[in-house]
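Student: The sequence shown begins at 1 in our numbering and counts up by one.
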Amino acid sequence: MKLTVHTAAAASFLSALLLLPCSALLATIPLLLFLLLCITAPFCPQWSFYLPLISKSVTGNRGVALTFDDGPNSISTPIILTLLQKHKLQACFFVIGEKAAAHPELIAEIIKQGHSIGNHSWRHDNLLMLRSRKQLCLDIHNTQETLGRMGVIPTVFRPPAGITNPRLRYALKREGLIAITYSCRAFDGGNKNITDLAQRILNRLQDGDIILLHDIPLNDDTEQEVWARELDNLLTSLGNRKPVVEPLEKLIGQQVMRKKRKK
Ligand SMILES: [Zn+2]
1 MKLTVHTAAA ASFLSALLLL PCSALLATIP LLLFLLLCIT APFCPQWSFY
51 LPLISKSVTG NRGVALTFDD GPNSISTPII LTLLQKHKLQ ACFFVIGEKA
101 AAHPELIAEI IKQGHSIGNH SWRHDNLLML RSRKQLCLDI HNTQETLGRM
151 GVIPTVFRPP AGITNPRLRY ALKREGLIAI TYSCRAFDGG NKNITDLAQR
201 ILNRLQDGDI ILLHDIPLND DTEQEVWARE LDNLLTSLGN RKPVVEPLEK
251 LIGQQVMRKK RKK
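Put into structure tokens, the structure is as follows:
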């Protein structure tokens with residue numbers, strides 16, 4: 001897909017250039033196709049159009065990896081940690097910088113339990129990719145700085161809402177980050193639609209998938225219980241699965257974070 005989209009973009013741009021001397025009207029057709037690809041690409045990170053992006057195993061490891069986005073918080077993070085401990089599974093938490101700043105104790109607990117941390121931007125601004133390069137860099141840097149003070153230097157970044165842009169490549173390079181998305185999700189709307197969550201993941205799951213789940217509290221205690229039960233069921237099935245659940249680093253072939261001495 002990556003090669004096809006890049007080839008289509010190059011071919012349409014070249015065609016527009018070649019047609020321009022003959023007919024400006026005809027040249028607009030491939031030009032419009034080129035522009036359409038450029039506009040659509042930020043919403044299709046799997047194309048890796050603007051920057052290299054990993055969404056599933058690239059190492060040949062056929063295991064699956066668990067990732068939890070948008071935390072930490074004092075309600076759902078402890079539930080996830082308890083369940084991961086119960087099922088002896090490892091996960092990567094793509095955290096929001098300002099939430100991490102408010103809950104350093106949860107970041108410490110995630111690390112203590114052997115999980116890893118990725119950068120998921122400072123405040124999950126869904127329009128982040130429309131901001132200036134300076135703002136984008138600052139957002140990502142602030143999160144790295146905050147986590148760094150807690151002894152964690154992520155080497156992976158997951159863009160909010162999975163949207164990318166050409167400026168992201170520069171911002172990530174500055175921080176030594178690579179972009180990671182996912183290949184299996186339940187379309188849970190950020191824990192708003194949790195009915196049959198486990199089954200929806202299991203129905204879609206393929207070897208080598210990076211699974212997206214959310215670390216977001218639910219509306220009330222009843223929903224919280226349903227969600228915890230769904231997660232428990234999912235982890236039970238994943239715990240019995242072959243190939244097994246692997247740490248994210250095994251699927252992407254590089255480290256997810258470095259540890260450093262706290263300031
Ligand atoms: Zn998110």
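No residue lacks a Cβ here, since even glycine has one placed at the ideal position from N, Cα and C.
Being a predicted model, the structure only gives us computed values, none of them experimental.
Can you give me the start and stop residues for the alpha helix (DSSP H) that residue 87 sits inside?
Tutor: Counting along the chain, the alpha helix (DSSP H) containing residue 87 begins and ends at 76-87.
Student: Is residue 52 close to ligand 1? I mean its beta-carbon at under 7 Å from any heavy atom of the ligand.
Tutor: Residue 52 Cβ: outside cutoff for every heavy atom of ligand 1.
Student: Going by C-alpha to C-alpha distance, which of 69, 226, 145, 47 sits closest to residue 185?
Tutor: The shortest Cα separation from residue 185 among 69, 226, 145, 47 belongs to 69.
Student: Are the CB atoms of residue 46 and residue 84 nearer to each other than 8 Å?
Tutor: Contact flag unset, no.
Student: Just mark residue 99 as buried or exposed, buried being the case when its beta carbon has 16 or more other beta carbons within 10 Å.
Tutor: Under this definition residue 99 is a buried residue.
Student: Listed in chain order, which residues are found with a beta carbon closer than 5 Å to a heavy atom of ligand 1?
Tutor: Any residue whose Cβ sits closer than 5 Å to a heavy atom of ligand 1 makes the list: 69, 70.
Student: How about residue 227 and residue 218: do their beta carbons lie closer than 8 Å?
Tutor: Going by C-beta atoms, residue 227 is nearer than 8 Å to residue 218.
Student: Would the stretch 103-111 count as touching the stretch 159-173 if we require 3 or more Cβ pairs under 8 Å?
Tutor: The stretch 103-111 is not in contact with the stretch 159-173.
Student: Look up residue 264 in the DSSP assignment and give the residues it is bridged to.
Tutor: Past the boundaries of the shown model lies residue 264; the chain is included only from 1 to 263, so the question cannot be answered.
Student: Whole alpha helix (DSSP H) runs in the stretch 124-176 with 4 or more residues, listed along the chain?
Tutor: Qualifying alpha helix (DSSP H) stretches, in chain order: 133-149, 166-175.
Student: Determine whether the beta carbon atoms of residue 245 and residue 63 lie at a separation below 8 Å.
Tutor: A contact, by the Cβ cut-off of 8 Å.
Student: Exposed or buried, residue 91, counting other C-beta atoms within 10 Å across all chains shown (16 or more means buried)?
Tutor: Its Cβ being crowded by 16 or more others within 10 Å, residue 91 is buried.
Student: Can you tell me whether residue 221 is buried or exposed, with buried defined as 16 or more other CB within 10 angstroms of its CB?
Tutor: Residue 221 should be labelled exposed.
Student: Can you confirm whether the stretch 125-142 touches the stretch 167-184 when touching is taken to mean that 3 or more C-beta pairs between the two stretches lie within less than 8 Å?
Tutor: With the cut-off at 8 Å, the stretch 167-184 and the stretch 125-142 touch.
Student: Would you decide whether residue 39 is buried or exposed? Buried here means 16 or more other CB atoms lie within 10 Å of its CB.
Tutor: So residue 39 ends up on the exposed side.
Student: Which same chain residues, not among the five before or five after residue 125, have their C-beta less than 8 Å away from its C-beta?
Tutor: Counting only Cβ-Cβ distances below 8 Å, and skipping sequence neighbours, we find 131, 139, 160.
Student: Using the Cα positions of residue 192 and residue 223, report the straight-line distance between them to the nearest angstrom.
Tutor: If you take the alpha carbons of residue 192 and residue 223, they lie about 9 Å apart.
Student: Ignoring anything shorter than 3 residues or poking outside the stretch 192-219, list the beta strand (DSSP E) runs there in chain order.
Tutor: Runs found: 210-214.
Student: Roughly how many whole angstroms lie between the Cα atoms of residue 188 and residue 257?
Tutor: In a straight line, the C-alpha of residue 188 is about 27 Å away from that of residue 257.
Student: Select from 7, 55, 151 the residue whose C-alpha is nearest the C-alpha of residue 109.
Tutor: Of 7, 55, 151, the residue nearest in Cα terms is 151.
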